[in-house]
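Residue 5 is where the sequence shown starts when you use the working numbering, and the numbers rise one by one after that.
Beta carbons are placed, not taken as given, at the ideal position from N, Cα and C, and that holds for glycine.
Quick caveat, the model's predicted, so the values are computed rather than measured.
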Amino acid sequence: MSNDRPLFFQVMQYADRADGDVINMVSGSPDWEPPAALREGLVEYADSEPDAFQYQPSEGLTKLRAEIAERRGVELEQVVVTNGGAEANYLAMAAALERSAGDEVLLTDPVYPYYPRKTELLGGTPASIPVDADGTLDPAQVRDAASEETAAIVVTTPNNPTGAVYDEQTMRALVAIAEDVDAVVISDEVYDHFDYSGTFTSALAVDSSHRIVTNSFSKSMAITGFRVGYVVVPEELVDAVQTRHMLVNVAGSRPAQYAVLQALRETETAYYRENRERMRARIDAFTSGLERAGAEYTMPDGGFYVLARFPDFPGTLENVEQLIDDVGVAGMPGEAFGRTREEWIRFALLSPRSEEAAGRLAEYF
Ligand SMILES: Cc1ncc(COP(=O)(O)O)c(C=O)c1O
5 MSNDRPLFFQ
15 VMQYADRADG
25 DVINMVSGSP
35 DWEPPAALRE
45 GLVEYADSEP
55 DAFQYQPSEG
65 LTKLRAEIAE
75 RRGVELEQVV
85 VTNGGAEANY
95 LAMAAALERS
105 AGDEVLLTDP
115 VYPYYPRKTE
125 LLGGTPASIP
135 VDADGTLDPA
145 QVRDAASEET
155 AAIVVTTPNN
165 PTGAVYDEQT
175 MRALVAIAED
185 VDAVVISDEV
195 YDHFDYSGTF
205 TSALAVDSSH
215 RIVTNSFSKS
225 MAITGFRVGY
235 VVVPEELVDA
245 VQTRHMLVNV
255 AGSRPAQYAV
265 LQALRETETA
275 YYRENRERMR
285 ARIDAFTSGL
295 ERAGAEYTMP
305 DGGFYVLARF
315 PDFPGTLENV
325 EQLIDDVGVA
335 GMPGEAFGRT
345 REEWIRFALL
355 SPRSEEAAGR
365 LAEYF
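Listed below in structure tokens is the structure:
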């Protein structure tokens with residue numbers, strides 16, 4: 005297992021050290037307010053008796069698990085509250101690899117970079133399935149690639165980095181393939197509140213013991229620093245997932261989970277809608293700048309990211325650094341996401357200056 009620092013940290017560091025004024029479009033951290041009830045929950049927690057500052061049940065605050073279970077239409081036992089979507093994905097992949105005779109994990113290309121590295125960390129073998137130019141995943145290709153060696157099929161919807169949203173038909177087809185080869189679909193749905201297409205379908209809509217859903221409050225509540233996510237597992241995997249979670253963490257952060265519970269209960273849908281609308285407006289403004297720059301780009305159906313390809317300017321680390329120095333706009337090199345988008349640069353539209361960034365790019369190219 006190599007310990008090389010992900011490209012992400014290299015680019016962040018380069019942008020931080022740059023002399024000029026840099027608009028940072030590298031990181032996936034929202035720049036807007038969390039729900040008001042979340043702040044209130046935290047303040048309230050600060051005044052608790054000392055016993056509230058001690059361990060909570062390993063699998064998470066029971067009331068939070070119950071709230072999640074009710075909203076997701078699953079049993080309480082199936083929900084484990086995790087240290088963000090990151091741990092949820094780790095637990096899901098570990099459980100899938102443990103239950104399977106095979107060690108292969110099917111991923112897409114482009115891919116969220118942590119999946120292949122987590123697969124290797126867990127002793128699995130990553131394999132890639134390319135997606136179409138617009139990010140569409142063709143289940144027929146997944147079927148061709150799947151075999152008895154396959155332990156898991158990992159998908160992200162809405163997708164990072166393509167912005168694709170997989171519809172119900174795709175989710176059903178993926179779960180059916182997992183059932184046929186005795187594997188598990190792991191559906192990472194951390195961007196589920198940012199579906200602009202209206203076609204998002206959670207894997208939970210497909211009733212099967214061959215699917216695991218991972219999710220998080222990092223993006224939906226703008227709290228990437230809180231580290232609260234969850235995994236929904238089929239009954240037969242509950243024990244393995246709870247045990248690994250307990251042995252690694254003992255338990256999660258109780259104040260953070262308490263505040264999330266308050267926010268889940270009290271936040272109106274308008275909060276989520278406003279965040280979604282803000283992102284849509286940013287997408288429109290940013291892509292119109294890309295249009296002026298003569299770039300090719302993806303129009304996301306969901307999530308936070310736009311991929312762009314500039315004329316004669318491949319998305320290498322070197323060129324990304326050049327953009328930071330010359331234009332003051334920082335994105336992520338496409339090579340971070342696999343082989344198929346090496347020419348592209350990913351921009352996270354999580355800066356209020358997204359439109360200004362697009363203006364700078366339009367002027368430069
Ligand atoms: C696809 C995907 N999954 C998981 C995560 C991690 O989320 P969390 O902060 O909940 O660990 C991210 C963060 O950017 C992501 O893009």
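Item: If we ignore side chains and look at the alpha-carbon of each, how far apart do E360 and G64 end up?; Value: 42 Å
Item: In terms of DSSP beta bridges, what is D199 paired with?; Value: G306
Item: Pull every residue with its beta-carbon under 5 Å away from any heavy atom of ligand 1, and keep them in chain order.; Value: G32, G88, G89, A90, Y116, T160, N164, D192, V194, S220, S222, T228, G233
Item: Within a Cβ cutoff of 8 Å, which residues of the same chain sit near P38, ignoring the five residues on either side of it in sequence?; Value: M225, A226, I227, A267
Item: Hey, V135 and T166: beta-carbon distance below 8 Å or not?; Value: yes
Item: Per DSSP, E132 forms a beta bridge with which residues?; Value: According to the sequence shown, residue 132 is Ser rather than Glu. DSSP lists L111 as partners of S132.
Item: Taking the Cβ atom as the reference point for each residue, do T291 and M283 lie within a distance shorter than 8 Å?; Value: no
Item: Can you say whether L251 is buried or exposed, counting buried as having 16 or more other CB atoms within 10 angstroms of its CB?; Value: exposed
Item: How far does the alpha helix (DSSP H) with N219 in it extend, from its first residue to its last?; Value: Premise fails: N219 lies in the beta strand (DSSP E), 215–220, not in any alpha helix (DSSP H).
Item: Could you compute how far the alpha carbon of Q82 sits from the alpha carbon of A244?; Value: 11 Å
Item: Reducing DSSP to helix, strand and coil, say where G225 ends up.; Value: The amino acid at residue 225 is misidentified as Gly; the sequence shows Met. Of the three classes helix, strand and coil, the one that applies to M225 here is coil, per DSSP.
Item: Please classify Q60 as buried or exposed, where buried requires at least 16 other C-beta atoms within 10 Å of its C-beta.; Value: buried
Item: Going by Cα to Cα distance, which pick from G233, L95, D316, H197 is closest to E249?; Value: According to the sequence provided, residue 249 is His. The question's Glu does not apply to it. Ranking G233, L95, D316, H197 by Cα distance to H249 puts L95 first.
Item: Does the stretch 170–181 come close enough to the stretch 312–320 that 3 or more CB-CB pairs lie under 8 Å?; Value: no
Item: I'd like the span of the alpha helix (DSSP H) that includes V264, first residue to last.; Value: 258–270
Item: If we call anything under 8 Å between Cβ atoms a contact, is G332 one with V26?; Value: yes
Item: DSSP state of E359, grouped into three classes?; Value: helix
Item: How long is the line joining the alpha carbons of A92 and V217, rounded to whole angstroms?; Value: 9 Å
Item: I need the straight-line Cα distance from N219 to K122, nearest angstrom please.; Value: 17 Å
Item: Exposed or buried, T161, counting other C-beta atoms within 10 Å across all chains shown (16 or more means buried)?; Value: buried
Item: Which residue marks the beginning of the beta strand (DSSP E) containing A155, and which one marks its end?; Value: 154–160
Item: Let me know if K223 comes out buried or exposed under the rule of 16 or more other beta-carbons within 10 Å of its beta-carbon.; Value: buried
Item: Pick out the complete alpha helix (DSSP H) segments inside the stretch 60–117, 4 residues or longer, and give them in chain order.; Value: 66–76, 88–103
Item: Please classify V324: does DSSP put it in a helix, a strand, or coil?; Value: helix
Item: If we ignore side chains and look at the alpha-carbon of each, how far apart do R343 and D171 end up?; Value: 25 Å
Item: Among I328, P356, W348, which one has its Cα closest to the Cα of D20?; Value: I328
Item: Less than 8 Å separating the beta-carbons of S201 and V159?; Value: no
Item: Using CA atoms only, rank isn't needed, just tell me which of Q145, V85, D23, L354 is closest to S257.; Value: V85
Item: Say whether the stretch 260–277 touches the stretch 112–132, bearing in mind that this needs 3 or more beta-carbon pairs closer than 8 Å, one atom from each stretch.; Value: no
Item: Quick check: the Cα distance between R277 and A98, rounded to an integer number of angstroms?; Value: 34 Å
Item: By DSSP, does F1 sit in helix, in strand, or in coil?; Value: Nothing can be reported for residue 1: it is not among the residues displayed for the chain, which extend from 5 to 369.
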